[in-house]
Amino acid sequence: MNGIEVRNTSKDFGNVQALKDVSVHFEENKIYGLLGRNGAGKSTLLNVITGRIFANGGEVLVDGETALENDSSLQKIYMMSEKNYYPENMKIRDVFKWTREFYPDFDAAYAAKLAERFELNTDKKVKALSTGYSSILKLITALSTNAPYILLDEPVLGLDANHRDLFYKIVIEKFSENPCTIIISTHLIEEAAGVIDHVVIIKDGKIIRDESRDDLMSKGYMATGAASVVDGYIADKNVLGTDSLGGLKTSYILGTLNRNDVPAGIEISKMDLQRLFIQLTNA
Amino acid sequence: MKIDFEDERPIFLQIAEQIEDGILSGAFQEETQIPSTTEISVNYKINPATALKGINLLVDGGIVYKKRGLGMFVSTGAVKMIRGKRKEEFFENYITKLAGEAKKLGLTQEEIVSMIERGFKQ
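Heads up: the protein sequence lines correspond to chains H and B, in order. Throughout the first sequence, residue numbering follows my numbering, covering 3 to 285 in sequence. Throughout the second sequence, residue numbering follows my numbering, covering 17 to 138 in sequence.
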């Protein structure tokens, strides 16, 4: 099977179970949003996929082949993470040069073009970069590798609004011209919501949602009205959470909305992905 | 043109509507090319699959058509088709909402009619 398949994978750090029997399939040529609260297990999952840490059980397959200690499988994946793994004294241009040694399809001309668009000076050394530009360097490298699987862990960390805007545009350009699988793990859900096809939500080391963004979004809605009316309406529904403001109550509901069973006095509105995420992952 | 991610309607529907608005306003004339899926998705920062879904909706409705190797073009008669369709949707989109809000505010039918008359005079 093509894509990245994670099967029954667990990972413990001491007494903490960071991943609990996780199985998930990242298909080819889709943009995924890997969402979860701090400490939910997002980075652990990405690190297990790329063999940066070893799982306690289970396996990871890339295009049907085991990824563990398998160079040809790992070469298909590029992962950018918050941590910097480049030698501090290396110049940016040399980072690009060396990346090609590990990723033969690395497009140096494209990397130079992106550096220009982000106004990244390639004569600078890695250690001279700000947090934002350090992220930009890693993003440019990731998008230039032409690896079929690109994993981006908090890609927009430290980027200003203009650069975040540019980043999402470049991701879409790249994906349109040369489809690949991109997994974006981020806390800035609102910004990424439009870009992703498929949402994977991880909570306490377990995958709690794995479905297309449109399917997930069509299932969440809010009902607002007088508390007594809302209580009657939600009695038989899957309520994720509620907010109250005096006698006014808003319930966050997961399920298919049937407009015909909404009583008078209740306002129905849609939940955006971020709101839905907050309700799904509240303790 | 803008996409409202908090809007009740799915993004692909909003894309289709925005292109229709462009056709109605004359920005996209009949028998001229509309922006490509890539241009639309980059511009709005939305997934190309979503943009394609929106355009396909217009293709199914006969509003735009594909010229092989060139791109998507506005059909002859598209303006008339969109106007016809929008008139049908007008009741659902505006009148039912108007009636609902009016009931909430305790406005009578006569008051609403006089407001509409006032609106047309502006």
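Note that CB positions come from ideal geometry on N, CA and C, so glycine has one too.
Got a sec: which bits of the region 71-97 of chain B sit with their beta carbon under 9 Å from any beta carbon on chain H, in order along the chain?
none
Beta-carbon proximity list for H:Asp212, same chain, < 7 Å, skipping 5 on both sides
Val26, Val202
Compare the C-beta of B:Asn109 with all C-beta atoms of chain H and state if any pair is closer than 7 Å.
no
Under 8 Å by beta carbon: chain H residues contacting B:Thr54:
Ile174, Glu175, Ser178, Glu179
Quick check: the Cα distance between H:Lys44 and H:Leu70, rounded to an integer number of angstroms?
19 Å
Listed by chain order, chain H residues near B:Ala65 by CB distance under 8 Å
Asp199
If I'm right that H:Phe98 touches H:Ala111 with Cβ under 8 Å, what's the distance once you round it to whole angstroms?
Contact flag wrong, Cβ pair sits at about 10 Å.
Three-state secondary structure assigned by DSSP to H:Gln77
coil
Between the region 23-37 of chain B and chain H, which residues of the former have a C-beta closer than 9 Å to a C-beta of the latter?
Asp23, Glu24, Arg25, Pro26, Ile27, Phe28
Where do the N-terminal and C-terminal ends of the alpha helix (DSSP H) with B:Lys101 fall, by residue?
94-106
Beta carbons nearer than 7 Å to chain B: which residues of the region 24-44 of chain H have them?
Ile33
Under 8 Å: do the region 143-154 of chain H and the region 78-85 of chain H share three or more Cβ pairs, one atom per stretch?
yes
Would you mind telling me which residues of chain H sit closer than 7 Å to B:Ser57, beta carbon to beta carbon, in chain order?
Ile174, Ser178
Enclosing beta strand (DSSP E) for H:Phe28 [first to last residue]
18-28
Measuring straight from C-alpha to C-alpha, what distance separates B:Gly93 and B:Gly77?
12 Å
The region 126-137 of chain H: positions lying closer than 9 Å to chain D by Cβ:
Checking the listed chains, one finds no chain D in this structure; the protein chains it contains are H and B.
Does the beta carbon of H:Gly53 come closer than 7 Å to any beta carbon on chain B?
no
By the criterion of Cβ-Cβ separation under 8 Å, what are the contact partners of H:Gly2 in chain B?
No answer is possible for residue 2 of chain H: it lies beyond the span of chain H, which begins at 3 and ends at 285.
When you compare only the Cα positions, how much space is there between H:Glu61 and H:Lys32?
22 Å
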